[in-house]
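Line by line, the protein sequences give chains A and B.
FYI, the numbering for the first sequence is -7 to 115, going by our numbering.
FYI, the numbering for the second sequence is 315 to 498, going by our numbering.
The beta carbon of each residue, even a glycine, is placed where N, CA and C say it ideally should be.
These numbers were taken from a predicted model, which means no experiment stands behind them.
The structure appears right after this line, and notes come after that.
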Amino acid sequence: MAKSAPPADDGAKALERWNSQLRKGVFELLVLGRLERARSYGYALIADLKRDAGMEDIAEGTLYPVLSRLKSDGFVTAEWVAAEEGAPRKYYAITEEGRRALAHMRAAWMRIDNAVQLRSNEE
Amino acid sequence: MTTQRDWGSPEAARIAEAFLRRLARSLRGLDAAERQERLREAEAHLRDFAAAHDGPPERAIADGVAAFGPLPEPARPAATGGALLSLIRAIVILFIGATGVLAAMTLHLAVSDLFAPDQVGLWVYASGDWSLSYEAQPDAREVLGFWFAPIFGLGAIAVAIALAFLYRIAASPGGALERALTRL
């Protein structure tokens, strides 16, 4: 019996799942990259990522477990800072260990990117 | 706890506080300090979101809650830890129930002693045997006198407090035992 092509809906779902997994994979890299530029707090970080990294539809709450993990890994530090207006904010700053991890992540990302580019050029 | 003025309107406060309660439940697998930290940070996030969005505060808070996304499922102990937790909880609850009945009887004796001090007491017989009784015992003397009610009353209250503490750490959802087994 001949195999039929999957329905278009299934293809769209598969791509959506792939996109989601890709973003999960690079999320820590993006957060550390943003913190490398300057220390920041949760809302500002997620607003930047939404704007700059094509993550408009990401659930904002997903950032906090990642920040907590980065902190327990020693890649970032955190401190509460009183705001001029409004409630205090918890600011995150990258550590030296975090910078080293970021460099490693970037190198890994570049290898993947090179492989993707090479394959595209061959085609 | 936050006040409605903090959130801009009573409705905004209701939405925000309901969200923070749900978040607290979903984070119950974390230890208390980490949970408090995450709640405080989520609250700061919601306030920043509302400050960055125009419109009525309740709309901004509702949008902020929606943008925060689905809350994580509360962490559950692994299968082995879950079975162990259920067993320990069952034993602890049985112990609390049995000891609680004894504490309640002790408290009842103490209160009864206030109304019938000549009848209720710790009675010691000439043979050296003793009994706790609501009635004066022939050939026995009551040995605690005035101190019967305070000793038994305070003893019952102390036991009740200890049982409440035991329940909190070993049998309550999100208690120390559940958190410890969740981390296994």
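For R342(B), there is no enclosing alpha helix (DSSP H), since its DSSP letter is neither H nor E. The beta carbon of I38(A) is closer than 7 Å to those of E52 and L55 in its chain, skipping five residues each way along the sequence. Any Cβ of chain B closer than 8 Å to the Cβ of A51(A) would place that residue at the interface, and such an atom is present. Counting only Cβ-Cβ distances below 8 Å, Y35(A) has contacts in chain B at A358, H359, D362, F363 and A366, in chain order. In the DSSP assignment, Y56(A) falls within the unbroken alpha helix (DSSP H) covering L55 to S64.
Excluding sequence positions up to five before and after Y35(A), its CB lies less than 6 Å from no other CB in the same chain. Residues of chain A whose Cβ lies closer than 8 Å to the Cβ of L385(B) are, in chain order, G53.
The shortest C-alpha to C-alpha distance from E449(B) to any of A430(B), A440(B), I465(B) and S441(B) is the one to A430(B).
Using a Cβ-Cβ distance cut-off of 8 Å, the stretch 375 to 387 of chain B and the stretch 461 to 478 of chain B are not in contact, since fewer than three pairs of beta carbons, one from each stretch, lie closer than that value.
If you draw a straight line from the Cα of K82(A) to the Cα of K42(A), it is about 19 Å long. The C-beta of F333(B) comes no closer than 8 Å to any C-beta of chain A.
Our two residues, F363(B) and V58(A), have alpha carbons roughly 19 Å apart in a direct line. DSSP places E76(A) outside both helix and strand once states are collapsed to three, so it counts as coil.
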